[in-house]
Amino acid sequence: MAPTCRFVFARDRAPERLDRYLCEQLPDKSRSQIKKLIDENMVTVAVDGGPARAAIKLRGGEELQVTIPEALPVETLPEDIPLDILYEDSDLIVVDKPPGMVVHPAAGHASGTLVNALLHHCRDLSGIGGELRPGIVHRLDKDTSGVLVAAKSDAAHQGLGRQFKEHSIDR
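With the working numbering applied, the sequence shown corresponds to residues -8 to 162, in that order.
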């Protein structure tokens, strides 16, 4: 059975969008993961009774229920794919991603990704991103080249994630 989280939006809080509030309450979930939960009707808001939408404003007293589906077991395998490493230490690795390379496994791209290459090179990456996105703090589109930072430790992942979220990292 999938775990369920319950929250009550406090009456003394300033109005806030549902998706932003849930990002605060579920810090291990990205904004896109929260939106997916909402879009797949895994979030209910008891006060209005209607379907939850990311943009609805919580005004106080709403009871929220979030069902977190259990992740399907997936194994992402290391692959010997060359990396252009710009910087590396015990907490993070910075690479220059070429255009045409997918960052993490997804439908239609189970192998040949940057994650497969990182797993071969690093062996251990932060587990916060899950099985499909280990170490991935941000991403670049398949056809976009550029610098990508991956976390080797959970502490680095949390710190980098917070910095990207707050836009305090210069790109």
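Just so you know, even glycine gets a beta-carbon here, dropped at the ideal spot from N, CA and C.
TODO: Rank 36, 44 and 17 by C-alpha distance to the C-alpha of residue 30 and give the top, closest one.
DONE: 44
TODO: Taking all protein chains shown into account, decide if residue 91 is buried (16 or more other Cβ within 10 angstroms of its Cβ) or exposed.
DONE: exposed
Task: Cβ pair residue 80, residue 138 closer than 8 angstroms - done: no
Open item on the list: When you compare the CB positions of residue 69 and residue 110, do they come within less than 8 angstroms of one another, or not?
Closed with: yes
- [ ] Can you tell me the Cβ-Cβ gap for residue 55 and residue 7, rounded? I've got them flagged as a contact below 8 angstroms.
- [x] About 12 angstroms separates the two Cβ atoms, so there is no contact after all.
Task: Beta-carbon proximity check, residue 105 vs residue 94, cutoff 8 angstroms - done: yes
TODO: From the DSSP output, read off the bridge partner residues of residue 49.
DONE: 7
Open item on the list: Judging by CA-CA distance, which residue of 10, 141, 125 and -1 is the nearest neighbour of residue 76?
Closed with: 141
TODO: Going by CA-CA distance only, name the one from 97, 151, -3 and 60 that's closest to residue 132.
DONE: 97
Open item on the list: So for residue 76, helix, strand or coil by DSSP?
Closed with: strand
Open item on the list: In chain order, what are the residue ranges of uninterrupted beta strand (DSSP E) at least 3 long that sit wholly in the segment 78 to 152?
Closed with: 83 to 88 and 137 to 142
Task: Rounded separation between residue 85 and residue 67 - CA only - done: 20 angstroms
- [ ] Report yes if the C-beta distance between residue 4 and residue 51 is below 8 angstroms; otherwise report no.
- [x] yes
TODO: Using the DSSP secondary-structure output, state which residues sit across from residue 56 in a beta bridge.
DONE: -3 and 35
Open item on the list: I need the boundaries of the alpha helix (DSSP H) containing residue 27, first residue and last residue.
Closed with: 22 to 30
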